[in-house]
Amino acid sequence: MALSTKRRRAAAAVASAALLIPLAAACGSGKGSGGDKTATPSGSSGSVPAAQLTVLAAASLTDVFKAAGAAYEKEHPGTHVKFSFAGSQELAAQVKQGAPADALVTADTKTMDSLKADVNDSSIIAKNRLVIATGKGNPKKVAGLKSLSDTSLKVVLAAPEVPVGRYSKQVLDAQKITVKPVSQEPNVRAVLSKVELGEADAGIVYKTDAASAKGKVDTVDVPDAQNAVAKYPAATLKASKNADASAAFVKWLSSPEAQKILQDAGFQHP
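Numbering-wise, the numbering used here comes out as the position in the sequence shown, counting from 1, plus 364.
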């Protein structure tokens, strides 16, 4: 009888232990679930929230930012970056009009500085320089800035309110060279297009834009002593509805990975 009682007690103990095992597992699982809420999914970077970002960017960044955007999306699963490219002055007008966007990158500091009420602190992410783009093979034998004063030459420039147009005027004025352009374009890509299509014999563009049209246009370098340095500031917009995500993207533009993409495209380190 005593032995039977001991056996019953042992069986009860085993049963109790069996009941406690799933309970402990459940408690452990609950604790783990709480941790999962703040855990970083595999492949994501930090605690940056997923978002649909709209970035307003200078036209000269068209090709390189497409590559940078793809790299950023790969590094930050769940985040999509949409770019809107135009002349910096056009982008500034959009910001002032309240266009829904999260970040802005211009081709000059002057335009960015004019938007202090609309943007947060900016940082320079890249630099660029000017070159002269000519038709393939340089059929008009453009030799340098002085050649652009030849009235028989069809020269196209960006409008003076456009950063590249302002830089162009700056270098031409410094060399006391007078140029009468056949047209003044709203952005650097429009200048490049005119030369590519043969509608102009030459035009002043950024080095990176000329490189993007390799094989379609030739380039004539402008000596450093006569050149201008274009600076590209990036900033988040105060009206952004994705403050953390947009700040993360702007910060990433200064990262080694982003800088390599920019420099491979011909941009200079800031």
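Cβ atoms here follow ideal geometry from the backbone N, Cα and C, with glycine treated the same way.
- Ranked by Cα distance from S486, the first of A629, A622, V614 and D628 is V614.
- Each of L512, T600 and V506 was checked against the Cα of W616, and the nearest Cα belongs to T600.
- Membership of I496 in the beta strand (DSSP E) is indicated by the continuous run S487 to G499.
- With contacts defined as CB atoms closer than 8 Å, V535 and V569 fail to qualify as a contacting pair.
- Straight-line spacing of the CA atoms in K533 and Q623 works out to 29 Å.
- Between V459 and the set T418, A435, V445 and I488, the nearest pair of CA atoms involves T418.
- Residue range S452 to K460 is occupied by the alpha helix (DSSP H) that includes E454.
- E563 is not a Cβ neighbour of A435, given a cutoff of 8 Å.
- K510 has its alpha-carbon roughly 42 Å from the corresponding atom of A465.
- In chain order, A423, S424, A522, V528, V569, Y570 and D573 place their CB closer than 7 Å to the CB of V552, counting only its own chain and leaving out the 5 sequence neighbours on each side.
- Residues V428, A490, K491, N492, T572 and Y596 of the same chain have their beta carbon placed closer than 8 Å to that of F631, with the five preceding and five following residues left out of the count.
- In this structure, DSSP gives G562 a state outside helix and strand, which the three-state scheme calls coil.
- Cβ contact annotation for A414 (same chain, cutoff 6 Å, sequence separation greater than five): G442 and T443, in chain order.
- Restricting attention to Y531, D608 and S610, the CA atom closest to the CA of D472 is found in Y531.
- Q539 carries a coil assignment under DSSP once its states are collapsed to helix, strand and coil.
- Burial of D582 is indicated by the presence of at least 16 other C-beta atoms within 10 angstroms of its C-beta.
- E437 has its alpha-carbon roughly 14 Å from the corresponding atom of I625.
- Each of G433, H633 and T470 was checked against the Cα of V526, and the nearest Cα belongs to T470.
- Scanning S576, A554, A463 and V559 for the CA closest to the CA of K602 turns up A463.
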